[in-house]
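What follows is one structure encoded as structure tokens, with my remarks underneath.
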Amino acid sequence: MAHPRSHTSAADRPDVGSGGDVRPQVPGARRERNAVETKKRILEAAGAEFAAKGYDGARLGNIARQAGIQQALIHHYFEDKAHLFEAVLALGLESMTKGVWDLLEQLGFRGKTERREHVTRDDIRILAEAFIGVLFRFYSHNGVFLAMVGHESRTNREQAHRVLVDNVRPLFEAIVGRIREMSENGNVRRDVDAPNLVLSCIAMASFAFEQKGFVTALWPAADLESESFITTRKAAIVNMVLDHILVG
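First residue of the sequence shown: 1, per the working numbering; consecutive thereafter.
Encoded structure:
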């Protein structure tokens with residue numbers, strides 16, 4: 001008498017490797033992947049909602065619908081709207097802050113790498129080009145973040161301020177400190193105002209992306225999205241910085 005076939009779904013069948021070995025399913029790993037994907041969808045939907053409506057106008061129900069999940073999952077992963085807002089801001093800042101921290105360490109200006117007392121003009125140019133490059137990549141690819149900060153800067157929201165203080169201020173202070181050290185060592189001019197210099201770099205890199213309408217009104221031929229504009233603009237800023245700080 002023939003035995004009936006067992007009907008197992010693909011999800012129930014063991015994973016068989018190329019050598020015939022049977023790898024057991026790992027439900028925990030699958031749940032972890034699902035959680036990561038769910039949080040990613042929530043953050044993307046939340047970024048769009050906060051950017052369009054600001055913190056006060058954003059609704060968790062709208063975010064849940066856009067993410068294709070139940071609103072309870074937002075509370076499960078992020079507790080409330082305030083914590084979700086902070087998470088979106090922190091994620092937006094991560095690409096810039098990590099890029100600059102890595103840059104400082106690679107060039108021997110921070111961390112475990114041995115600190116260099118003598119810095120050449122070429123070192124300073126490389127640092128300036130890389131720093132401005134990180135800023136341009138950040139501002140040209142983070143429209144949602146810029147819109148969120150723009151909304152909240154008009155209301156001076158505490159959450160936005162705290163995220164910037166926690167994530168950006170240490171980086172700002174590290175760069176300022178290193179410029180001051182280079183000034184004291186004679187690598188750059190001794191009269192360089194380090195905080196104003198760093199703030200000016202950020203402002204020059206961000207302005208065209210934060211104020212597109214203003215820039216195109218003044219400069220109609222400027223194609224702000226083109227690679228040629230970005231390359232030319234970066235070079236202009238780097239040269240202005242170097243002209244200001246280099247000795248002789």
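Don't be surprised by glycine CBs; every beta carbon is placed ideally from N, CA and C.
Inset, instruction - Run the CB neighbour count on H141, radius 10 Å, all protein chains shown included, and call it buried at 16 or more, exposed below. - result: Taking the sequence shown and counting its residues from 1, one reaches residue 141 at position 141. Burial call: exposed.
Inset, instruction - Look up W120 in the DSSP assignment and say whether it is helix, strand or coil. - result: The residue you call residue 120 lines up with position 120 of the sequence shown. Inspection of the sequence shows that residue 120 is occupied by Thr rather than by Trp. Three-state result, T120: coil.
Inset, instruction - Sort A208, K39, F136 by Cα distance to E79 and report the nearest one. - result: Here the question's residue 79 lines up with position 79 in the sequence shown. For E79, the closest C-alpha among the options A208, K39, F136 is that of K39.
Inset, instruction - Note down the Cα distance separating S226 from M182, rounded to an integer number of angstroms. - result: Looking up residue 226 in the sequence shown gives position 226. Looking up residue 182 in the sequence shown gives position 182. S226 and M182: Cα-Cα distance of roughly 35 Å.
Inset, instruction - Taking 8 Å as the cut-off, decide whether the C-beta atoms of L253 and I69 are in contact. - result: No statement about residue 253 is possible, as the shown extent of the chain runs from 1 to 248 and does not include it.
Legend entry - Closest by C-alpha distance to L103, when choosing among G186, P220, A174, N62: Locating residue 103 in the sequence shown gives position 103, counting from the first residue. Ranking the options by Cα distance to L103, first place goes to A174.
Inset, instruction - Could you tell me whether the Cβ atoms of A194 and R180 are closer together than 8 Å? - result: Here the question's residue 194 lines up with position 194 in the sequence shown. Here the question's residue 180 lines up with position 180 in the sequence shown. The answer is yes: Cβ separation under 8 Å.
Legend entry - Element boundaries [alpha helix (DSSP H), containing V192]: Position 192 of the sequence shown, counting from 1, holds the residue named residue 192. Careful: V192 lies outside any alpha helix (DSSP H) and carries neither H nor E.
Legend entry - DSSP-derived helix/strand/coil call for P170: Here the question's residue 170 lines up with position 170 in the sequence shown. The answer is helix: DSSP assigns P170 an H, G or I state.
Legend entry - Distance CB(I245)-CB(V188) smaller than 8 Å: As a position in the sequence shown, residue 245 is number 245, starting the count at 1. As a position in the sequence shown, residue 188 is number 188, starting the count at 1. Contact: yes.
Inset, instruction - Give every residue of the same chain whose Cβ lies closer than 6 Å to the Cβ of F145, excluding the five residues on either side of it in the sequence, and list them in chain order. - result: Mapped onto the sequence shown, residue 145 falls at position 145. Taken in chain order, the residues that qualify are G92.
Inset, instruction - Please look up how many angstroms separate the CB atoms of V134 and G99, rounded, as I've assumed it's under 8 Å. - result: Taking the first residue of the sequence shown as 1, we reach residue 134 at position 134. Taking the first residue of the sequence shown as 1, we reach residue 99 at position 99. About 4 Å; that satisfies the 8 Å criterion.
Legend entry - Distance, C201 Cα to G259 Cα: The question about residue 259 has no answer, for the chain in this structure spans 1 to 248.
Legend entry - Which listed residue (E105, H83, A67, R137) has its alpha carbon closest to that of E94: As a position in the sequence shown, residue 94 is number 94, starting the count at 1. For E94, the nearest C-alpha among the options comes from R137.
Legend entry - At least three beta-carbon pairs within less than 8 Å, the region 215 to 234 to the region 153 to 168: no
Legend entry - For L224, the three-state DSSP class (helix, strand or coil): Taking the sequence shown and counting its residues from 1, one reaches residue 224 at position 224. Coil.
Legend entry - Rounded C-alpha distance that separates R65 from R41: In the sequence shown, residue 65 corresponds to position 65, counting from 1. In the sequence shown, residue 41 corresponds to position 41, counting from 1. Distance between the alpha carbons of R65 and R41 is about 11 Å.
Inset, instruction - Compute the beta-carbon to beta-carbon distance between V241 and A128, rounded to the nearest angstrom, for a pair I have assumed lies under 8 Å. - result: Looking up residue 241 in the sequence shown gives position 241. Looking up residue 128 in the sequence shown gives position 128. Indeed they touch by this definition, with Cβ atoms about 5 Å apart.
Inset, instruction - Reducing DSSP to helix, strand and coil, say where W101 ends up. - result: What you label residue 101 is simply residue 101 of the sequence shown in a count that begins at 1. Three-state DSSP puts W101 in a helix.
Inset, instruction - Just the C-alpha distance for V176 and V198, rounded to the nearest angstrom, thanks. - result: Position 176 of the sequence shown, counted from the first residue, corresponds to residue 176. Position 198 of the sequence shown, counted from the first residue, corresponds to residue 198. Using only the alpha carbons, I get a separation of about 7 Å.
Legend entry - Range covered by the alpha helix (DSSP H) that runs through N62: Looking up residue 62 in the sequence shown gives position 62. Start and end: 60 to 67.
Inset, instruction - Excluding the 5 residues preceding and the 5 following F207 in the sequence, name in chain order all residues of the same chain whose CB lies nearer than 8 Å to its CB. - result: Here residue 207 refers to the residue found at position 207 when the sequence shown is read from its first residue. If we look at F207 and ignore the five residues flanking it on each side, its Cβ neighbours are V215.
Inset, instruction - To the nearest angstrom, report how far apart I124 and E184 are at their CA atoms. - result: Indexing the sequence shown from 1 puts residue 124 at position 124. Indexing the sequence shown from 1 puts residue 184 at position 184. Computed Cα separation, rounded: 15 Å.
Inset, instruction - Taking all protein chains shown into account, decide if L84 is buried (16 or more other Cβ within 10 angstroms of its Cβ) or exposed. - result: As a first step, residue 84 is located in the sequence shown; it is residue number 84 there, counting from the start. With 16 or more other Cβ atoms within 10 Å, it is buried.
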